[in-house]
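Using UniProt numbering, the first residue of the sequence shown is number 1, and each one after it goes up by one.
Glycine included, every Cβ here is placed at the ideal spot set by N, Cα and C.
Read the structure below first, then the notes.
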Amino acid sequence: MARGSPVRPVVPAGGADPPPVGGPRRPRRQTLRRGNDHVIRTAALTGAATISAGALAAGLLLAPSAGAAPAAPGPRLSSGGTAELGARIAAARAAHAGVKWKDCPADWGLEKPIQCGFVKVPLDYAKPFGKTIDIAVDRIGHTGTKDQRQGALIYNPGGPGGSGLRFPRRVTTKSPLWTETAKAYDFVGFDPRGVGHSTPISCVDPQEFVKAPKADPVPDSEADKRAQRKLAAEYADGCKERSGWMLPHMTTPNTARDLDVIRAALGEKKLNYLGVSYGTYLGGVYATLFPTHVRRMIVDSVVNPSKEKIWYQANLDQDVAFQTRWNDWKAWVAQHDAVFHIGNTPAKVEAKYQELRATAKAKPIGGVVGPAELIGFFQGAPYYDSSWVPVAQTWSDYLAGDTQALVDAIAPDMSDTAGNAAAENGNAVYTAVECADAKWPTSWKRWDRDNTELHKKHPFLTWSNAWMNLPCATWKSKQHEPVEVGAKRGLPPVLIVQSERDAATPYEGAVELHRRLAGSRLITEKDAGSHGVTSLVNPCVNSRVDAYLLTGKTDARDVTCAPHATPAPPAAGAKAAPKAAPSALDLPAVPAVR
C-alpha cells in the first residue's frame, strides 16, 4: 500500500472474513498492571553461558522478591546458540512465574469470561538477563469436561502486525465452526512484540499517518518517484527515531521465541498453534527452532518460507497474484451487471475503475479520497470473498450518485485517536519485522526496474506495494539472514490449508512449506481465492481441521476440496445493506499486507 494508508484490508483472525468496509477500530488502551517489573536474575550463576539443563529443571531462574532492587544487565552469552540458550532461560523463568490472569480492561473490548495478562520476555534473547518487554495475552477456558481438555490453542492472525487478542471471542460469540475445538482447548491470543497492548512501537505520528488524501502511488514521472522515495526514507528515519531501541529485535525468530515463552508461561509442555497468513511463517520458524515442542500446528494461507522469497521477492509475487484475483472479481461484477450496473464485461469494469481513479486524482472525492485511498478500499475484493458484495455495492451506489457512500467507507475518522494509533502501530510492526527479517536491495535501480516491468502486466497493486516496502531499502537498523525453514527430527505432522487463487499468499508458498515439512499434509481449496480458509464455511476443510485438532490424525494423502460458496449479490433492484459472511466474527483492526 501507499505509505501511511490506513485502509489496507486487515488480515482476518483465523482466516475469518474481513469486517464491513471501513472495519472496526481497536479499543482505546487502558493500563493493566503487569506485576513485578524487575529484571530477573539469579545470584547462583556466575555467567549465563554456564547454565545447564539441570539448573533450568531445578528452577534456579526465579524472579526476585517484589522489594528487590532491579539487577544490572547480565553478560551477553557467547556466540553460537546464544539466542537458543536465552530462549530456554526465558521459558524456564516464565514456567515458574506463570501468568497473573485478571479481567480484561473494559476498553479492550474483550468480555468476560475472557481474561488478560502479560508475559515478560527478553528484548534480546542473547541477553536473557537484560531488558525485558511485555507481551499481552488473553484466554478463555475450554468449554468441555476436564477429561476433554487437550491444552491451549495459541493463535496468530498474520500481518506482521496483527493482534490475536480477539481469538477467544470465537468462544464467547459461539462461532459454530469452532464449537468442537473449544471443548478441548483453551483459546489463547496474544499481541506479538511491538503490537498493541504489548510493548508497542511507532514510526510516525498516528494522526499524520491516517491523514488523507495521500499521493497517487502510480507514478507519472521521475519526479513522482523521487517524492515517494523521499517519503519512504523519511518513514524509515521515523522508525529509527521513535522506536530504534526495539528495531534490531523485531524479527520473526524472536517472535517465535516469545511464542515458546508464552507456551511455558501457560504451563503447556507442547504447543498447539493456529497461524494464518504471516502467522504461517511464524509457525514455520517456530517449527524449525522448536520442533520437539510442537503438538499440533495448523498453518492457513501460507507465506513462501524460502529464504530467497523473504521478503522482497515475496512482495513482487504478491503483485502477480493480486492482479489474478482482481481479474476474478471484475469478472464476477460483470456477471452481475443487472445488480451493480458497473459494466457487463471485465474490460468495462476495469475502464470504470480507471475512470474513478482519474476522477479522484483530479479532485479527491469528498476532499479525502484519492487514488491511494481507492486502492486500499478496492484491495479488499481480491483479499476476501466477503468483500466482493460490499465493495461492488458501495461502488455501484457511488455511480448512482451517492458520493457519500464511498467517502464514508474510505475516509479516516480523525476523531478516533485510539483507532488511528492502532492503525499506525500495525503498519510500523509490519515494516519493522519485514525490514529486520532479511537483507533488502538498497539499489533504487533494481526497485525501479523490477516494479516498472511488473506494473506493465500487473498494475493493480505493484507500485502501491513497492512504496509500502521501500523503507527497507534505507533501513537504519540491523537486517538479519532469514531462517532456513525446514523440518527437523521430532516435528509431528503439520496441517497446511491453502486456497488455490489466494492473492496475498500465492499457492506456491503452501507447496514450498509442504515440501520442507516432512510428514505434513496439504489441503487445497481448488478454484477459490479468499485469504484465510479455516474459518470459511467449507465442510471439506472444516471437518478435517476439527479432526486434526481433536485427534491429531490427517488424511493418508493430500486433499483437494471444492471451493466454498461464491458470494451472492442482492437481487436486482434490492437495496440491502451489505453484510460480512457469517464467519466474520473476530477481527484485528490493524493494516497488514498478509
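(request) Please name the residue or residues paired with Pro200 in a DSSP beta bridge. (result) Residue mapping note: residue 200 aligns to position 200 of the sequence shown, counting from 1. According to DSSP, Pro200 shares a beta bridge with Gly194.
(request) Helix, strand or coil for Phe209, going by three-state DSSP, please let me know. (result) Position 209 of the sequence shown, counting from 1, holds the residue named residue 209. DSSP, reduced to helix, strand and coil, places Phe209 within a helical segment of the structure shown.
(request) Give the single residue among Ala487, Ser530, Pro390 whose Cα lies nearest to the Cα of Val294. (result) Mapped onto the sequence shown, residue 294 falls at position 294. The shortest C-alpha separation from Val294 is found at Ala487.
(message) Using only CA atoms, which one of Ala510, Lys307, Asp337 lies nearest to Ser499?
(response) Position 499 of the sequence shown, counted from the first residue, corresponds to residue 499. Minimum Cα distance to Ser499 is reached at Ala510.
(request) May I ask which residues mark the beginning and end of the alpha helix (DSSP H) holding Ser243? (result) Here residue 243 refers to the residue found at position 243 when the sequence shown is read from its first residue. Element bounds for Ser243: 222 to 243.
(message) Here's the rule: buried if 16 or more other CB atoms are within 10 angstroms of the residue's CB, otherwise exposed. What is Pro475?
(response) Position 475 of the sequence shown, counted from the first residue, corresponds to residue 475. Pro is not the amino acid found at residue 475; the sequence shown has Trp there. Classification of Trp475: buried, given that the 10 Å Cβ count is 16 or more.
(message) According to DSSP, simplified to helix, strand and coil, what is Gln323?
(response) On the sequence shown, position 323 is the one that residue 323 refers to. Helix, per DSSP.
(request) Tell me Gly117's beta-bridge partners as DSSP assigns them. (result) Translated into the one-based positions of the sequence shown, residue 117 becomes position 117. The bridge partners DSSP lists for Gly117 are Val137.
(request) Determine the direct distance from the alpha carbon of Ile135 to that of Leu461, and round the result to whole angstroms. (result) Here the question's residue 461 lines up with position 461 in the sequence shown. Here the question's residue 135 lines up with position 135 in the sequence shown. Looking at the two C-alpha atoms, the distance is approximately 33 Å.
(message) Mapping the DSSP letters down to three states, classify Ala63 as helix, strand or coil.
(response) Counting from one through the sequence shown, the residue named residue 63 turns up at place 63. For Ala63, the predicted structure reports a pLDDT of 39, less than 50, and the residue's modelled location is therefore unreliable. The matter cannot be settled from this model.
(message) Among Pro113, Phe190, Ala182, Val119, whose alpha-carbon lies nearest the alpha-carbon of Asp138?
(response) For the purposes of this step, residue 138 is taken as residue 138 along the sequence shown, with counting starting at 1. For Asp138, the nearest C-alpha among the options comes from Phe190.
(request) Reducing DSSP to helix, strand and coil, say where Arg521 ends up. (result) Numbered from 1 along the sequence shown, position 521 holds the residue referred to as residue 521. Reduced to three states, the DSSP call for Arg521 is strand.
(request) Return the CA-CA distance between Ala331 and Ser386, expressed in angstroms with no decimal places. (result) Taking the sequence shown and counting its residues from 1, the one referred to as residue 331 is at position 331. Taking the sequence shown and counting its residues from 1, the one referred to as residue 386 is at position 386. So the alpha carbons of these two residues sit roughly 16 Å apart.
(request) Taking Leu282 as part of the alpha helix (DSSP H), name the residues at either end of that continuous run. (result) Residue mapping note: residue 282 aligns to position 282 of the sequence shown, counting from 1. Following the DSSP letters along the chain, one finds Leu282 inside the alpha helix (DSSP H) bounded by residues 278 to 289.
(request) Determine which residues share a DSSP beta bridge with Leu271 and list them. (result) Here the question's residue 271 lines up with position 271 in the sequence shown. Residue pairing by DSSP puts Leu271 in a beta bridge opposite Val294.
(message) Please identify the residue among Ala547, Leu522, Lys240 whose C-alpha is closest to the C-alpha of Val299.
(response) Your numbering for residue 299 matches position 299 in the sequence shown. Put simply, of Ala547, Leu522, Lys240 the residue whose alpha carbon is nearest the alpha carbon of Val299 is Leu522.
(request) Within 10 angstroms of the Cβ of Gly130, are there 16 or more other Cβ atoms? Answer buried if so, exposed if not. (result) Your numbering for residue 130 matches position 130 in the sequence shown. Buried is the call here.
(message) Can you confirm whether the region 347 to 366 touches the region 297 to 312 when touching is taken to mean that 3 or more C-beta pairs between the two stretches lie within less than 8 Å?
(response) Flag = no, the region 297 to 312 and the region 347 to 366 do not touch.
(request) Tell me Thr132's beta-bridge partners as DSSP assigns them. (result) Counting from 1 along the sequence shown, the entry for residue 132 is found at position 132. Per DSSP, Pro122.
(request) Report buried or exposed for Ala338, applying the criterion of at least 16 other Cβ atoms within 10 angstroms of its Cβ. (result) Stepping through the sequence shown from its first residue, residue 338 is reached at position 338. Under the 10 Å beta carbon count, Ala338 is surrounded by fewer than 16 other beta carbons and is classified as exposed.
(request) Would you kindly work out how many angstroms separate the C-alpha atoms of Asn254 and Pro157, rounded to a whole number? (result) Taking the first residue of the sequence shown as position 1, residue 254 is located at position 254. Taking the first residue of the sequence shown as position 1, residue 157 is located at position 157. If I take the Cα positions, the gap works out to 17 Å.
(request) Would you mind working out which of Ala428, Ala568, Leu165 sits nearest Val389, comparing C-alpha positions? (result) What you label residue 389 is simply residue 389 of the sequence shown in a count that begins at 1. Relative to the Cα of Val389, the nearest Cα in the group Ala428, Ala568, Leu165 belongs to Ala568.
(message) I'd like the list of long-range same chain contacts for Lys270, defined as Cβ closer than 7 Å, with 5 residues on each side in sequence excluded.
(response) The sequence position of residue 270 within the sequence shown is 270, counting from 1. Cβ within range, chain order: His293, Val294, Arg295.
(request) Alpha carbon to alpha carbon, how far is Trp311 from Val485? Give it in angstroms, no decimals. (result) For the purposes of this step, residue 485 is identified with residue 485 of the sequence shown, where counting begins at 1. For the purposes of this step, residue 311 is identified with residue 311 of the sequence shown, where counting begins at 1. Looking at the two C-alpha atoms, the distance is approximately 14 Å.
(message) Contact defined as beta carbons within less than 8 Å: I believe Trp467 pairs with Ala232. What is the distance between those atoms, to the nearest angstrom?
(response) Along the sequence shown, read from residue 1 onward, the residue named residue 467 stands at position 467. Along the sequence shown, read from residue 1 onward, the residue named residue 232 stands at position 232. Indeed they touch by this definition, with Cβ atoms about 6 Å apart.
(message) Considering just the uninterrupted stretch of the alpha helix (DSSP H) at Ala92, what are its terminal residues?
(response) On the sequence shown, position 92 is the one that residue 92 refers to. If you look at Ala92, you'll find it in the alpha helix (DSSP H) that goes 82 to 97.
(request) Measure the Cβ-Cβ separation of Val320 and His531 and say whether it is below 7 Å. (result) Sequence index remark: in the sequence shown, residue 320 carries index 320 (1-based). Sequence index remark: in the sequence shown, residue 531 carries index 531 (1-based). Not a contact, by the Cβ cut-off of 7 Å.
(message) Counting beta carbon pairs with one atom in the region 256 to 273 and one in the region 145 to 154, are three or more of them shorter than 8 Å?
(response) These segments touch.
(message) What does the Cβ neighbour count give for Trp326, buried or exposed, with the cut at 16 atoms within 10 Å?
(response) As a position in the sequence shown, residue 326 is number 326, starting the count at 1. Label assigned to Trp326: buried.
(request) Please say whether Glu512 and residue 600 have beta carbons closer to each other than 7 Å? (result) With the chain represented from 1 up to 594, any question about residue 600 goes unanswered, as that position is not in the structure.
(request) Taking the CB atoms as reference points, tell me whether Pro219 and Lys225 lie closer together than 7 Å. (result) Counting from one through the sequence shown, the residue named residue 219 turns up at place 219. Counting from one through the sequence shown, the residue named residue 225 turns up at place 225. Yes; because the gap between Cβ atoms is below 7 Å, this pair is in contact.
(message) So, does the region 177 to 194 touch the region 544 to 552, judging by three or more C-beta pairs under 8 Å?
(response) Contact holds between the region 177 to 194 and the region 544 to 552, because three or more Cβ pairs, one in each stretch, are under 8 Å apart.
(request) Identify, in the order they occur along the chain, each residue of the same chain with its Cβ nearer than 7 Å to the Cβ of Ser202, setting aside the five sequence neighbours on each side. (result) Working through the sequence shown from its first residue, we reach residue 202 at position 202. Arg242, Ser243, Glu424, Asn425, Ala428.
(request) Check each candidate in Leu495, Asn315, Phe209 and name the one with the smallest Cα separation from Thr417. (result) As a working note, residue 417 is residue 417 in the sequence shown. Answer by Cα proximity: Phe209.
(request) Return the chain-ordered list of same chain residues with a C-beta closer than 8 Å to the C-beta of Phe340, the five sequence neighbours on each side being excluded. (result) If you number the sequence shown from 1, residue 340 lands on position 340. Excluding residues within five positions, the ones whose Cβ falls inside 8 Å are Val333, Ala392, Gln393, Trp395, Ser396, Pro569.
(request) Determine the burial state of Met414: buried for a count of at least 16 other Cβ atoms within 10 Å of its Cβ, exposed for fewer. (result) Within the sequence shown, numbered from 1, the residue matching residue 414 stands at position 414. Looking at its Cβ environment, which holds fewer than 16 other Cβ atoms inside 10 Å, Met414 is exposed.
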